[in-house]
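Line order of the protein sequences matches chains E and L.
Using the numbering used here, you'd call the opening residue of the first sequence number 28 and step up by one each time.
Using the numbering used here, you'd call the opening residue of the second sequence number 210 and step up by one each time.
C-beta: ideal position from N, C-alpha, C; glycine also.
A quick write-up on the structure given underneath.
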Amino acid sequence: MPTVYVNNTPVEIGADERLNCIQVAQRAGVEVPHYCYHPALSVVASCRMCLVEVGEKKPDGSIAMQPKLFPGCQTPVKDGTVVVCDSDKVKAAQKATLEYLLLNHPLDCPVCDQAGECGLQDYSYKYGRGYSRLNENKNIKPDKDYIGDQITLFTDRCIICTRCVRFTREVSGTGELQLINRGSHEEIDIFPGEPCNNKLAGNVVDLCPVGALCSKDFLYEQRVWWLKTKNSVCPGCSTGCSITVDQNDDHLYRLKPRTNLLAQGYFMCDEGRFGWKYIHSEKRLTAPQQKQGSQQSAGLWDQVFPTAKSALEQAVKAQPSRFAAIISPWSTVEEAFLLAKTLKDLSPEVTLALGPVRSGEDDVFPKTVTGKPPAQVKFTIRGEKAPNRKGVEQVLQHFQGEVIPFDTIAGQVQQQKFDGLFVLNADPEVAWCPEFVTAAGKLKLLIVEDFLANPLTDAATYVFAGGAWAEKDGTFVNHAGLAQGIARALRGPGEARPDGRILWELAGRSGLFRAATVRQEISKEITAFAPLILGDLGEQGVMLSSANNEPAKEAALAGSAAS
Amino acid sequence: MPINESDVTWVSEPKMNFWESTFLPAIFQGLKVTASHIDGHTVTQQYPEEPVKLPMHYRGVHRLNRDDQGRVKCVACMMCATACPANCISIIATEAPKNDPVWEGRDKYPASFELDELRCIYCGMCEEACPCDAIELTHIYDLTGKTREEMIFNKDKLLSVFDQTKDSGVDPVRTHRGKLSGTADFQSLPPLAPATSVNPDDRSAKASSPGVISR
């Protein structure tokens, strides 16, 4: 095994691994500060922050160091490479580089949105010198408040790392951003009339190590040190991007992508990033509802829930073959399992079906000038707008042996083959066809569990006010069979409850709903979910099918190296 | 544990001599102190008949300072709200309108600034945290109100406190910087003007002239 020495610590790397000094230092637990380097982008070595001393250990044991410092991001390592990141020479270089970067950087941290998660702040504190020796006035360039619909540029804060430029050229392939002018007049800009509005544009804000590119959506909304962060999964499409949910006082402020090479890589699309607004919609259901006569009225859980539960049990017992349940592909595996198990325990003759799946064309990046598909796909926005179709299908397959698609069950409802229907929905943009809603409204019993008011909840006998994805714990299985955990990051409005809790109580179980426990139960009962046996899915998630496990492990290894 | 006899030192009252036993010197000493205070000098302040004299560092009702153009100096960085141990400050920030001469040179200002004077413990942490000297505590101590709502001061009320106190003599505006990031605005900067202490080992600390690092 090739051995690299980082600050006198030997680090073994794989025989065919191609790593640079930053990556190998990370393995040794040493931080090499860097701005322009990003594992998903090409290397330009322009910020000079990662300068390290590099040398080679000869076979006779002597060490020959290069006389000058080298950029760690651009210097590959091999067997016997010696990397020194903490010598006086390196520290002096880091200090000097930071002083240069800060020469013209305005000290407007109080008004800057990045303050608190800023690369310049962090590195200045760790490696910088704490005061400026600049006697001249700072070079201040005018702000550009329209770089894109979602992006604003504070030009004077930019340190010209060109991460954003490389992102639009290499990952989104749209190339809107560029550097104009030279020397200290250099600034990021767009071609006039060609704003940065591609579907991945929001990522340049995350990539920006300083507060130059800011998201208009989040601008001045909240100071970042007030945000509480939970790991979750974007439900926007079946890619299942790993994200973090940032909230304060039960108000969601932003979603950010989290590096997960098993799922999506480093980025997320703008549809997912800004598509969470329905969580604070005025159409949110805030209390359970019950229809009395033709009027629906909001009630208390203690009153509505037992009535609904006994009505459900009676309907199933009376004629089980005339009762059906529809489980949305936006529901978690745990919810699907709890509902399916409860109903099938009441009677195996109950029909279970999959809710409507919105599907369309996949959108792949980078875009090419000719419009042809790219040689190497770097990001995919999937056409299937559901986070958990695979997971719900596995549950239905287990309990019923087949997956009944929504169109079939909707047809059967319209043909009056059922008396009772339980609809578990979590899709905020679900479009129920009017015929189905009319037919469902005429049923003897229609229980709808949802979090947004829609025509079907208006027609329901009982409505359970559930939670949006950010308000519940559970598991989503993405298009590739990767099971990732979502976490309850905020509380729902009013009396709304997380769906897992509602279904746990519907099952008549004692104690509290806990996703990890249900996950373990599922893994014991359904073979396909056997890899979830630990209950905890970790940050990266767990691949379900064993056939996919090997590449997954490799990707995980590569990911831990790259991140 | 009992105390060892060798650790104990026994002391006894000193014996009084003749004059001491008459107590007359002690009486005259006491009368001397009394006499020294019969010069009309008083320490007691006759509050509320007379206005009270407060020390310069007194911490009373807050004010929001105005900059040289009369705009609110606060940039809504929310450092005060972060530092506040009583959680009495709530700020809603907003973007300063672009191309508006009124807000020229400003990115962000508080759309709403509310300070609950009842919840406040007058510790002065907000003043200390403020990076642009926008919030200051004044000498106003006699604060009354008929309702709790009245005691929640909004931006206008805090600015009016500034207008009321800026010329009172005891509440001077502490700095006239008026802007953020003052380092670039200093007319003259000493060769080493550290925001934080300079490490004497730093090469820059040994520099013979500013901007030149000697090896």
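Query                                                                                                                                                                          : Result
Kindly confirm or deny that the segment 108-116 of chain E and the segment 125-142 of chain E touch, where touching means at least three C-beta pairs closer than 8 Å.         : no
What do you reckon, are the CB atoms on D477/E and T484/E nearer than 7 Å?                                                                                                     : yes
Taking 7 Å as the threshold (beta carbon to beta carbon), is E581/E in contact with chain L?                                                                                   : At E581/E the pLDDT is 48, less than 50, meaning the model places this residue with poor confidence; the figure from the coordinates comes in the next sentence. Chain L, which has no Cβ nearer than 7 Å to the Cβ of E581/E, makes this no.
Is Y305/E helix, strand or coil by DSSP?                                                                                                                                       : helix
Whose CA, out of P375/E, V232/E, K283/E, G292/E, lies closest to the CA of A300/E?                                                                                             : Note that residue 300/E is Arg in the sequence shown, not Ala. The shortest C-alpha separation from R300/E is found at K283/E.
May I ask you to report which of helix, strand or coil DSSP gives Y293/E?                                                                                                      : coil
Return the CA-CA distance between H132/E and Q274/E, expressed in angstroms with no decimal places.                                                                            : 29 Å
At a CB distance below 7 Å, what residues from the segment 130-149 of chain E approach chain L? Give them in sequence order.                                                   : P133, L134, D135, P137, V138
Going by CA-CA distance only, name the one from T303/L, S321/L, T347/L that's closest to K375/L.                                                                               : T347/L
So within the segment 444-494 of chain E, which uninterrupted beta strand (DSSP E) runs reach at least 3 residues, ignoring any that extend past its ends?                     : 447-451, 472-477, 489-492
Count the other C-beta atoms from every protein chain shown that fall within 10 angstroms of the C-beta of P166/L, then say buried if there are 16 or more, exposed otherwise. : Beyond the ends of chain L as shown, which are 210 and 424, falls residue 166/L; an answer cannot be given.
Would you list the one or two residues that DSSP bridges to K257/E?                                                                                                            : V272/E
Using a Cβ cut-off of 8 Å, pull out every chain E residue sitting near D372/L, in sequence order please.                                                                       : Result: empty, since nearest Cβ-Cβ is about 24 Å, beyond 8 Å.
Can you tell me where the beta strand (DSSP E) holding E80/E begins and where it ends?                                                                                         : 78-84
Provide the residue span of the beta strand (DSSP E) that contains A290/L, from first to last.                                                                                 : Where A290/L is concerned, there is no enclosing beta strand (DSSP E), although the alpha helix (DSSP H) it sits in stretches over 288-292.
Could you pull the start and end residues of the alpha helix (DSSP H) that Y154/E belongs to?                                                                                  : 146-154
Output needed for F463/E: all residues of its chain with C-beta closer than 7 Å, excluding positions within five of it in sequence on either side, in chain order.             : A437, V440, Q441
Using a Cβ-Cβ cut-off of less than 7 Å, give me the residues of the segment 477-503 of chain E that come near chain L, in sequence order.                                      : none
Output the distance between the C-alpha atoms of I186/E and V391/E, rounded to the nearest integer angstrom.                                                                   : 30 Å
Quick check on H385/L - is its C-beta less than 7 Å from some C-beta in chain E?                                                                                               : Residue placement at H385/L cannot be trusted, given a pLDDT of 46 that sits under 50; what the coordinates show is reported in the next sentence. No, its Cβ sits nowhere closer than 7 Å to a Cβ of chain E.
From I344/L to A302/L, what distance separates their C-alpha atoms?                                                                                                            : 15 Å
In chain order, what residues of the same chain lie with their CB nearer than 6 Å to the CB of S73/E, ignoring the 5 residues before and after it?                             : C63
In this structure, does DSSP put A72/E in helix, strand or coil?                                                                                                               : coil
My output table needs one value for C185/E: the three-state DSSP class, helix, strand or coil.                                                                                 : coil
So, helix, strand or coil for Y32/E, using DSSP?                                                                                                                               : strand
For E323/L, which residues does DSSP report across the bridge?                                                                                                                 : S299/L
Taking the straight line between their C-alpha atoms, what separation do you get for V311/L and S324/E?                                                                        : 52 Å
Between which two residues does the alpha helix (DSSP H) holding C335/L run?                                                                                                   : 334-338
Would you tell me roughly how many angstroms separate the C-alpha atoms of A486/E and A534/E, rounded to the nearest one?                                                      : 24 Å
Please identify, using Cβ separations under 7 Å, the residues of the segment 328-356 of chain L that lie next to chain E, in order along the chain.                            : P340, C341
Tell me, to the nearest whole angstrom, how far the beta carbon of P262/E is from that of F449/E; I am working on the premise that it is less than 8 Å.                        : Going by Cβ atoms, the distance from P262/E to F449/E rounds to 21 Å, so no, they are not a contact pair.
Should E326/L be flagged as near chain E, meaning a C-beta pair shorter than 7 Å?                                                                                              : no
If you count every other CB in all the chains shown that lies within 10 Å of the CB of G41/E, and 16 or more means buried, which is it?                                        : exposed
Quick one: is S283/L near chain E, going by C-beta distance under 7 Å?                                                                                                         : For the sequence presented, residue 283/L should be read as Cys rather than Ser. Closer than 7 Å: no.
CA-CA distance, P60/E and A314/E?                                                                                                                                              : 50 Å
Within the 7 Å Cβ cut-off, does D316/L reach chain E?                                                                                                                          : yes
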